[in-house]
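For reference, the structure is listed below as structure tokens.
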Amino acid sequence: QAGRLDVIAGPMFSGKSEELMRRVRRAKIAGVNVLVLSHSLDTRSTLSAITSHTGVNIPAVPVGDVESLAEVAHAEDYDLIAIDEAQFFGPDLVVTVFELVERGATVIVEGLSVTFDGDPFEPMPTFMAVAEDVLKLTAVCTICGRDAVFHQRVGAPGHTDDESDAPATDIDASHIGGLEAYVARCREHFAPPH
Ligand code: ADP
């Protein structure tokens with residue numbers, strides 16, 4: 011019997027990690043066999059945990075790419091597989107997640123729905139289109155307090171908009187960050203860099 015796909019999407023600071031942790035905590039109380047996966051590129055992840063902006067964390071298995079994610083996820087018969095910061099894995103994640111769902115797992119995919127340019131951030135839009143359930147969260151605009159669907163970079167020490175020194179990979183490491191480099195913005199106050 012096939013499982014299901016649940017999505018938690020939004021900009022930075024929208025509480026995606028908090029919501030993922032809430033669901034994982036509840037599943038563990040219910041005795042569900044849970045696997046939590048995070049991308050090892052995420053600097054907010056320590057070696058074995060995912061951490062929200064409020065500093066709360068839960069144990070997670072860090073994986074560097076879709077191949078190792080698939081390996082870990084298929085190693086055991088997990089009922090619930092939670093993937094944190096799914097956008098870091100790129101579009102190849104889609105096929106792997108579909109396989110896990112078809113095999114019977116409930117997969118929760120949590121990630122950024124937009125880049126800091128304000129564009130849709132694959133693979134989240136694809137997951138949102140075919141999920142059994144989508145929770146789309148907003149952050150709070152740091153200028154006016156309204157619902158923020160975007161996040162943007164702000165000039166942080168040692169940071170410029172020139173990304174020429176970024177790693178030569180599909181995954182843009184500059185999308186990673188905390189309060190110091192990004193702010194949440196509503197539609198009116200969002201000023202994309204390009
Ligand atoms: P996400 O995973 O979506 O980046 P987190 O779950 O890590 O979000 O963090 C959400 C928390 O961040 C909120 O509960 C709040 O305490 C804090 N926070 C800081 N700045 C903002 C903001 N501009 N809007 C909303 N929450 C914010």
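11 is the number of the first residue of the sequence shown in the UniProt record's numbering; add one for each residue after it. For glycine and all other residues, C-beta sits at the position ideal for the given N, C-alpha and C.
Using a 10 angstroms sphere on the CB of Glu142, the tally of other CB atoms stays under 16, which defines it as exposed. About 5 Å separates the beta carbon of Val119 from that of Phe137, a gap short enough to meet the 8 Å contact definition. Linking Cys154 to Met22 through their CA atoms gives a straight-line distance of about 17 Å. At a Cβ-Cβ threshold of 8 Å, Val42 and Asp94 do not count as neighbours. Annotation for Ser27 indicates a beta carbon within 7 Å of some heavy atom of the ligand ADP. Take Pro101, set aside five residues on each side of it, and the residues of its chain with a beta-carbon closer than 7 Å to its own are Glu132 and Pro133, in chain order. Note on the region 18-78: whole alpha helix (DSSP H) runs with a minimum of 4 residues are 26-39, in chain order. Separation of the CB atoms of Pro203 and Arg163 is rounded to 7 Å, and the pair is thereby assigned contact status at 8 Å. Between the alpha carbons of Lys26 and His49 lies a gap of roughly 15 Å.
Listed in chain order, the non-local C-beta contacts of Leu110 below 7 Å within the same chain comprise Ala83, Ile91 and Val117, local neighbours out to five positions each way being set aside. Rounded to the nearest whole angstrom, the C-alpha separation of Val44 and Tyr88 is 6 Å. Only residues of its own chain outside the window of five on either side were considered, and among them Val44, Val46, Ile68 and Ala92 have a CB closer than 7 Å to the CB of Val34, listed in chain order. The criterion of a C-beta distance shorter than 8 Å is satisfied by Gly20 and Leu147. If you compare the alpha carbons of Asp75, Arg32, Gly165 and Ile60 with that of Phe99, the shortest gap goes to Asp75. Arg32 and Gly165 have their alpha carbons spaced roughly 33 Å apart. In terms of side-chain proximity, the C-beta atom of Met134 is found no nearer than 7 Å to any non-hydrogen atom of the ligand ADP.
When secondary structure is reduced to three states using DSSP, Ala158 falls in the strand class.
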